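Scroll down for the structure; my scribbles are underneath it.
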Amino acid sequence: MKILIVDDFSTMRRIIKNLLRDLGFSNTHEADDGVTALPMLRNGDFDFLVTDWNMPGMTGIDLLRAVRADEKLASLPVLMVTAEAKRDQIIEAAQAGVNGYVVKPFTAQALKEKIEKIFERVG
Amino acid sequence: MTSDIQLHQNEEFIAELKECAKLLAEKLQGDQFEEASQLIHAMLESRDRHIFQSVGRLTRGLHNAIVNFHVDADLSKEPPQIESSEIRDASSRLNYVIELTQKAAEKTMDMVDEAAPIAMNLGQEASVLRDQWVRLKRREMGPEEFRGLYARMDDFLAQMATGTEQLARNLQEIILEQGFQDLTGQVLKRVIGLINEVEQDLVSLVRIAGQVEEITGLKKEVDEESQEALRQKRKTEAEGPQHNAAARTDVVSSQDEVDDLLSSLGF
């Protein structure tokens with residue numbers, strides 16, 4: 016399971032990376048915004064994308080749209096882990112095709128649940 | 029306050045205008061057109077003077093605001109080059125906050141990463157030894173195995189001593205690292221103070237400008253359409269962490285609410 020973690024704060028990337036490692040996913044890679052993430056996704060056969068929303072350069076929601084619009088990446092499971100908590104934003108993310116939405120600050124349990132749920136569905 | 033002076037001047041101007049209008053009506057009724065035209069001219073002059081004074085006051089207000097924030101700028105360049113200002117100072121202070129919190133978070137995680145395997149090893153070794161100890165108590169242990177346990181126990185006690193020492197040191201460092209809260213708190217308080225000052229100055233400028241608009245008949249053109257577009261855009265614009273989610277209806281305040289919302293959308 017190859018996972019890409021996209022967040023502009025290195026500490027948050029590290030927290031997510033640690034939590035994923037505890038869940039048994041140790042093949043994780045990092046990017047600090049959509050602009051750097053997109054080429055990595057296109058060339059890297061990733062199985063899962065965890066992304067923040069608010070980032071300089073390219074935001075997470077734009078990254079999500081770019082992923083869904085890309086023929087090769089369209090079915091990639093995407094989990095949004097973000098501080099953005101407006102109802103309209105969550106609806107927008109859902110409409111853009113997100114597979115899960117976790118609001119920061121989050122617990123290890125919440126992250127675990129969402130990831131498990133996504134994989135259950137994607138199978 | 030500059031805006032109060034402006035208010036007073038507005039009243040004076042209106043009084044003057046009313047006086048002139050009354051006179052004008054009298055002159056017109058008395059067919060004194062020459063004098064009536066002079067009065068109209070005087071009124072226009074008075075209005076112009078009033079506008080000039082108001083604009084002057086607005087400019088001075090702006091200038092004061094700039095001086096208050098110690099903006100040191102080269103206005104001859106396009107765009108103007110800002111050498112230093114309180115705002116710029118505030119920006120670098122806020123960057124310092126990001127830097128400090130990042131360092132603290134990384135240091136804390138380093139300490140935990142270092143401590144976690146020590147705690148795990150001690151725990152594993154302890155549970156192995158406990159199992160052997162149970163066997164010893166049940167007298168199920170042969171002399172050879174007992175010698176092994178004896179040596180292993182000795183090693184474990186030594187590991188325990190150095191391990192817990194290391195753990196205590198790391199915990200202490202984690203505590204010390206929390207000092208960032210104090211430092212960043214002080215910086216943030218200063219920046220909050222500055223923002224309040226900026227707001228007050230802006231409000232006062234807007235008041236003066238409003239009074240100038242009112243008296244000179246310049247109307248604000250409110251573009252309803254672009255306002256609406258802006259409102260729509262704001263709905264999904266990134267805002268960062270919500271500090272007052274419970275008081276807002278357009279914001280979720282927990283992961284449960286996110287889940288409810290998503291499941292209502294068929295997730």
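If you read the protein sequences in the order shown, they are chains X and V. My numbering puts the first residue of the first sequence at 16, with every later residue one more than the last. My numbering puts the first residue of the second sequence at 29, with every later residue one more than the last. Positions of the beta carbon are idealized from the N, C-alpha and C atoms, including for glycine. Predicted model only: the values in this text are computed from it and were never measured.
Where does X/Leu91 sit, in a helix, a strand or coil, going by DSSP?
-> coil
Interface residues of chain V around X/Glu99 at Cβ under 7 Å?
-> Ala266, Glu267
Where X/Val63 sits in the DSSP three-state scheme = The question names Val, but residue 63 of chain X is Phe in the sequence shown. Strand at X/Phe63.
If you drop the 5 nearest sequence neighbours on each side, which residues of the same chain put their C-beta closer than 8 Å to that of V/Phe41?
-> Ser74, Arg75, His78, Ile243
So does V/Val219 have its beta carbon nearer than 6 Å to some heavy atom of the ligand COA?
-> The ligand COA is absent from the structure shown, which contains no ligand whatsoever.
Could you check what DSSP says for V/Asp284 in three-state terms: helix, strand or coil?
-> helix
Residues from the stretch 124-139 of chain V in contact with chain X, defined by Cβ distance under 7 Å | Gln130, Ala133, Glu134, Met137
Own chain, CB closer than 7 Å to V/Thr212, minus 5 neighbours either side, in chain order = Val125, Leu128, Thr129
Taking only the alpha-carbon atoms, compute the straight-line gap between X/Leu19 and V/Asp117 and give it to the nearest angstrom.
-> 36 Å
Cross-strand partners of X/Leu19 (DSSP beta bridge) = X/His44, X/Leu64
Is the Cβ of X/Ile105 closer than 7 Å to any Cβ of chain V?
-> yes
Report back the beta-carbon spacing between X/Val65 and X/Val21 to the nearest angstrom; my notes put them in contact at under 8 Å.
-> 7 Å
At least 3 beta-carbon pairs within less than 8 Å: the stretch 105-113 of chain V vs the stretch 170-180 of chain V | no
Taking all protein chains shown into account, decide if X/Gly75 is buried (16 or more other Cβ within 10 angstroms of its Cβ) or exposed.
-> buried
Kindly indicate if chain X contains any beta-carbon less than 7 Å away from that of V/Val280.
-> yes
Return the CA-CA distance between X/Ile133 and X/Asn114, expressed in angstroms with no decimal places.
-> 6 Å
For V/Gly297, the residue or residues it bridges with in DSSP | Residue 297 of chain V is absent from the structure shown; chain V starts at 29 and stops at 295.
Look up V/Gln206 in the DSSP assignment and say whether it is helix, strand or coil.
-> coil
How should X/Val117 be labelled, buried or exposed, when 16 other C-beta atoms within 10 angstroms of its C-beta is the threshold for buried?
-> buried
Starting from the C-beta of V/Ile157, find all residues in its chain whose C-beta is less than 7 Å away, skip the five residues before and the five after it, and write them out in chain order.
-> First, the residue type needs correcting, since residue 157 of chain V is Leu and not Ile in the sequence shown. Contacts found: Arg180, Met181, Phe184.
How many Å lie between X/Ala100 and V/Met71 at the Cα?
-> 57 Å
List the residues of chain V whose Cβ lies closer than 8 Å to the Cβ of X/Lys119, in chain order.
-> Pro269
Beta-carbon spacing of V/Thr136, V/Glu193 below 7 Å = no
Closest by CA to V/Leu67, which one among V/Arg276, V/Leu52, V/Ala43?
-> V/Leu52
Which residues, taken in chain order from the stretch 78-90 of chain X, show a beta carbon closer than 7 Å to some beta carbon of chain V?
-> none
Give a yes or no on whether 7 Å exceeds the smallest Cβ distance from V/Gln255 to chain X.
-> no
Identify the continuous beta strand (DSSP E) that holds X/Gln124 and give its terminal residues.
-> It is not in any beta strand (DSSP E) - X/Gln124 instead sits in the alpha helix (DSSP H) that spans 123-137.
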